[in-house]
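Note sheet for the following structure.
Residue numbers (UniProt numbering): 1 to 282.
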């Protein structure tokens with residue numbers, strides 16, 4: 001591994017509006033580059049939006065989908081990577097050569113390379129397929145990275161396989177927190193009114209973000225993924241209104257001991273940066 005400065009971004013996407021979401025990606029990429037980052041990680045499905053996809057028909061999903069690397073979004077990411085001399089990762093719907101649709105995550109690098117991970121455990125919509133391969137690659141400085149999208153990372157075995165295959169830094173884009181689940185110990189829905197009233201009462205929504213529906217839940221398992229495998233973990237997440245739910249953000253970067261190096265619980269778009277040192281893994 002080589003030393004790496006990494007940035008993790010949380011932002012509220014605009015459902016179905018790739019142009020607007022790419023503008024947010026442009027803004028944060030420029031900021032990350034200005035702060036010396038080598039890698040900036042954006043959330044799962046941040047270019048297309050996420051939770052609203054569950055109700056779309058196949059034709060509507062296909063209209064949002066793009067090929068990789070020829071598609072417009074990947075080309076924009078490549079342009080940003082080259083312009084700012086850093087690697088950029090973002091998620092959207094991919095259209096495979098066979099026409100199947102995937103929840104995919106692309107990392108574009110300043111040397112012109114791209115890698116694409118297809119989420120292994122896709123359940124948002126019956127018309128979307130799951131990937132069947134792990135995605136492990138070298139960043140431009142030689143650091144070996146892997147990608148696991150949201151629920152991929154919830155399964156510890158997936159992280160262990162990445163580590164056994166040499167991954168030193170795990171890119172972990174999500175759309176989570178504030179999810180209505182049947183488990184009494186796993187998240188729970190956040191009142192949308194708290195988000196809508198965030199400017200008048202930021203303390204109320206930030207308390208939810210820090211509590212068992214957000215940060216407290218994440219810290220039950222994210223540190224274990226990093227610590228048990230001796231890897232850095234870059235957690236990026238959506239924040240704010242996501243259809244009828246509220247995502248909790250909590251962008252954070254963890255070290256190989258499972259300690260949080262940088263984090264935010266801001267009720268809004270934000271970015272955290274940390275220096276990932278090779279010597280910490282020795």
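Backbone N, C-alpha and C define an ideal beta-carbon position, used for all residues, glycine too.
- Under the Cβ criterion (8 Å, minimum of three pairs), the segment 157-171 counts as touching the segment 215-230.
- DSSP places residue 186 in the coil class of the three-state scheme, outside both helix and strand.
- Bridge partners of residue 135 according to DSSP: 147.
- Closest in C-alpha terms to residue 7, from the list 16, 21 and 32, comes 32.
- Looking at the DSSP output, residue 109 bridges to nothing.
- Separation of residue 37 and residue 258 (C-alpha to C-alpha, rounded to the nearest whole angstrom) is 21 Å.
- Taking residue 269 as the centre and dropping the five residues before and after it, the same chain places the C-beta of 11 closer than 6 Å to its C-beta, in chain order.
- Beta-bridge annotation (DSSP): residue 89 is paired with 41 and 107.
- In the three-state scheme derived from DSSP, where H, G and I count as helix and E and B as strand, residue 66 is classed as strand.
- Here the alpha carbons of residue 173 and residue 148 stand approximately 7 Å from one another.
- For residue 138 and residue 216, the gap between their C-alpha atoms comes out near 32 Å.
- Counting only the Cα atoms, residue 203 lies some 19 Å from residue 245.
- Ranking 145, 129 and 47 by CA distance to the CA of residue 135 puts 145 first.
- Residues of the same chain with a CB within less than 6 Å of the CB of residue 108, apart from the 5 flanking positions on each side, are 77, 78, 81, 88 and 114 in chain order.
- Residue 44 is a Cβ neighbour of residue 50, given a cutoff of 8 Å.
- The beta carbon of residue 104 lies closer than 6 Å to those of 94, 116 and 118 in the same chain, with the five residues before and after it left out.
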